[in-house]
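A.B. asks: Take this structure, written in structure tokens, and hold onto it; I'll ask about it next.
Numbering (the working numbering), first residue to last: 11 to 275.
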């Protein structure tokens, strides 16, 4: 087998694995409502496979540096969410999602100009979330109407994420760890939700899913920091495992806390 064919087959397998994750999470999200859907959406559905496949091709130092670049980008994602949530109350999906993506791209371009340390990345996340979470709180509680899935919804979502993984993996050797880490965090799951749900159920219910994802994104930022430290100290496998465990434990804690408050109420 030629090296070119082996590369293409491997890339196709990686894209298929990622698509399977997305299909599963999409079904859970659509059946569970905005709160559970948001917790599922903020798991590392797209960034996780991207980093796993990067780890297969690069050493632990590459993964650690990529995670360091990803950390401040997580703050840009919550600002993308805030932009969409506010605009989606009254405007179309094209305007709301388009403006949100433009905000993310602009902030990512600014972030790229600076050299980030672990402390500075954590600080920018803490400040950004401290501002955004209270602003998003009023938009979280919206009744979710029934969703009728169209035949192309899940294939579209899966193809978007698979394309992102293919882009990150293919370009990583040329663009280096910092840009790879930024690309890995492009909010493709949030974006696909905006594009698919907004035309069908309206802006406010879709915005409720995004707004409920704020606390989950905070845990995702902590998971990125854990990945950076873990990869530096123990290697890529342990670093990725610790990052995933952090994300899952954080979201399970959010779910349990929500159930406890509901029971008390």
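Positions of the beta carbon are idealized from the N, C-alpha and C atoms, including for glycine.
Report yes if the C-beta distance between residue 107 and residue 86 is below 8 Å; otherwise report no.
C.D. replies: No; because the gap between Cβ atoms is not below 8 Å, this pair is not in contact.
A.B. asks: I need the straight-line Cα distance from residue 47 to residue 257, nearest angstrom please.
C.D. replies: Near 15 Å, if we compare the C-alpha coordinates of residue 257 and residue 47.
A.B. asks: Is it right to say residue 201 is buried, meaning 16 or more other beta carbons lie within 10 angstroms of its own, or is it exposed?
C.D. replies: Flag for residue 201 reads buried.
A.B. asks: Identify the continuous alpha helix (DSSP H) that holds residue 89 and give its terminal residues.
C.D. replies: Where residue 89 is concerned, the enclosing alpha helix (DSSP H) stretches over 70–98.
A.B. asks: Got a sec? Which residues, its chain only, sit under 7 Å from residue 263 by beta carbon, not counting five neighbours each side?
C.D. replies: Counting only Cβ-Cβ distances below 7 Å, and skipping sequence neighbours, we find nothing.
A.B. asks: Is DSSP giving residue 232 helix, strand or coil here?
C.D. replies: Residue 232 falls in the helix class under three-state DSSP.
A.B. asks: Taking contact to mean at least 3 C-beta pairs separated by less than 8 Å, is the stretch 137–151 in contact with the stretch 191–208?
C.D. replies: The answer is no - the stretch 191–208 does not touch the stretch 137–151, with fewer than three Cβ pairs under 8 Å.
A.B. asks: Could you check which residue in 115, 60, 49 and 74 has the C-alpha nearest to that of residue 173?
C.D. replies: It is 60 whose Cα lies nearest to the Cα of residue 173.
A.B. asks: Report yes if the CB atom of residue 122 is closer than 8 Å to the CB atom of residue 192, and no otherwise.
C.D. replies: For residue 122 and residue 192, yes; Cβs fall inside 8 Å.
A.B. asks: Pick helix, strand or coil for residue 102, following the three-state DSSP scheme.
C.D. replies: Here residue 102 sits in coil by DSSP.
A.B. asks: My understanding is that residue 79 touches residue 242, with C-beta atoms under 8 Å, so please give their C-beta distance in whole angstroms.
C.D. replies: Not quite, the Cβ-Cβ distance comes to about 14 Å (not below 8 Å), so this is no contact.
A.B. asks: Spell out a yes or no on whether the stretch 209–218 and the stretch 96–111 are touching, meaning 3 or more CB-CB pairs, one atom from each, closer than 8 Å.
C.D. replies: The answer is yes - the stretch 96–111 touches the stretch 209–218, with three or more Cβ pairs under 8 Å.
A.B. asks: When the Cα atoms are used, what is the spatial distance from residue 84 to residue 189?
C.D. replies: Computed Cα separation, rounded: 14 Å.
A.B. asks: Roughly how far, in whole angstroms, is the beta-carbon of residue 197 from the beta-carbon of residue 114, given that I think they are within contact range, below 8 Å?
C.D. replies: Confirmed, about 6 Å.
A.B. asks: Quick check: what's the CA-CA separation for residue 97 versus residue 66?
C.D. replies: Cα-Cα distance, rounded: 40 Å.
A.B. asks: Quick check: what's the CA-CA separation for residue 187 versus residue 93?
C.D. replies: Straight-line Cα distance between these residues: approximately 28 Å.
A.B. asks: Determine the contact status of residue 250 and residue 62, defining contact as a CB-CB distance below 8 Å.
C.D. replies: Yes, they are a contact pair.
A.B. asks: Can you tell me whether residue 71 is buried or exposed? The criterion is at least 16 other CB atoms within 10 Å of its CB, across all chains shown.
C.D. replies: Result: exposed.
A.B. asks: What separation, rounded to the nearest whole angstrom, lies between the Cα atoms of residue 270 and residue 146?
C.D. replies: Answer to the nearest angstrom: the Cα atoms are 22 Å apart.
A.B. asks: Which runs of the alpha helix (DSSP H), 4 residues or longer, sit entirely within the stretch 185–262?
C.D. replies: The stretch 185–262 contains these whole alpha helix (DSSP H) runs: 198–211, 213–222 and 224–244.
A.B. asks: What separation, rounded to the nearest whole angstrom, lies between the Cα atoms of residue 255 and residue 218?
C.D. replies: Distance between the alpha carbons of residue 255 and residue 218 is about 26 Å.
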